[in-house]
Amino acid sequence: MTGTEPGARRRIAAGGERHYATLLAEHGPGPLGVGWNSERAQHARFEQLARVFGADEDAFSVLDYGCGTGALLPWLRARGHTGPYTGFDLSEAMLAGAREAHGGDAAARFTSDPEEPGAADFVLASGVLNLRFDLAEEEWRDYTVGIVDHIASIAKRGFAVNMLSSHSDPERMRPELLYADPAWWLEHCLERYSTRVALLHDYEVWDFTLVVRLDPRPTPGG
Numbered sequence: 000m001t002g003t004e005p006g007a008r009r010r011i012a013a014g015g016e017r018h019y020a021t022l023l024a025e026h027g028p029g030p031l032g033v034g035w036n037s038e039r040a041q042h043a044r045f046e047q048l049a050r051v052f053g054a055d056e057d058a059f060s061v062l063d064y065g066c067g068t069g070a071l072l073p074w075l076r077a078r079g080h081t082g083p084y085t086g087f088d089l090s091e092a093m094l095a096g097a098r099e100a101h102g103g104d105a106a107a108r109f110t111s112d113p114e115e116p117g118a119a120d121f122v123l124a125s126g127v128l129n130l131r132f133d134l135a136e137e138e139w140r141d142y143t144v145g146i147v148d149h150i151a152s153i154a155k156r157g158f159a160v161n162m163l164s165s166h167s168d169p170e171r172m173r174p175e176l177l178y179a180d181p182a183w184w185l186e187h188c189l190e191r192y193s194t195r196v197a198l199l200h201d202y203e204v205w206d207f208t209l210v211v212r213l214d215p216r217p218t219p220g221g
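Per my numbering, residue 0 is the first one in the sequence shown, and the count goes up by one each step.
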């Protein structure tokens with residue numbers, strides 16, 4: 000996360016811990032407890048993120064970056080995914096809920112150590128870049144680029160991340176949230192990570208998803 004002052008990173012981490020601990024205490028481990036309006040909205044985002052996966056396999060490894068209480072895990076399992084799953088989150092309160100809910104899955108683990116997850120075939124990040132806190136826009140840009148750089152560095156085959164869109168209806172925007180420019184992020188991903196990038200901005204919620212494939216293109220006729 001180069002480019003962001005350590006003090007800013009600490010404020011983000013501390014602010015996120017307080018915010019999500021409050022939500023979890025008020026609403027429990029469901030979608031409202033991790034900041035989404037409904038299970039339908041949460042699953043709509045999962046559908047977009049999962050477009051990074053190959054269509055003909057089910058045993059790849061997944062790192063859920065900012066996993067919250069691990070709602071992505073049963074969603075993946077219900078769709079046939081059998082591979083290793085790692086949930087990473089800085090909130091110990093969230094991870095306690097995740098371990099309680101999903102501790103019976105032998106192929107799943109949860110951690111708050113940013114060094115522990117290691118690489119995975121695919122890295123998914125849903126909602127981890129939505130809260131502005133007290134940071135200026137330039138500080139947040141540096142921070143978000145650093146996060147996505149890190150995600151790209153530990154993804155072996157591809158990654159997908161969503162952000163709130165700056166093209167949301169103005170009357171729906173909230174001052175504590177960060178609204179990112181999807182066109183800027185598309186260009187950034189094309190220049191920095193891969194030429195195999197999709198920008199998804201056509202689904203029912205007020206954000207966008209970037210799908211970045213890192214594995215080589217298939218050969219012509221292959």
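All C-beta atoms, glycine included, are put in the ideal place defined by N, C-alpha and C.
- Checking the DSSP bridge columns, you'll see N161 partnered with T208.
- Across the structure, P181 and P83 are spaced so that their CA atoms are roughly 31 angstroms apart.
- Within the same chain, V210 come within 6 angstroms of A197 by CB-CB distance, once the 5 residues on both sides are set aside.
- Per the coordinates, the alpha-carbon of H101 lies some 21 angstroms from the alpha-carbon of V127.
- The beta carbon of H42 sits closer than 7 angstroms to the beta carbons of W74 from its chain, once the five residues preceding and following it are set aside; these are given in chain order.
- With respect to the C-alpha of F158, the residue from S167, S165, I146 having the closest C-alpha is I146.
- Taking a cut-off of 8 angstroms on C-beta distances, the region 46-60 touches the region 79-97, as three or more cross pairs fall below it.
- Assignment of L128 by DSSP, reduced to helix, strand and coil, places it in the coil class.
- Restricted to the region 77-129, the beta strand (DSSP E) segments that are unbroken, complete and at least 3 residues in length are 84-87, 107-110, 119-124, listed in chain order.
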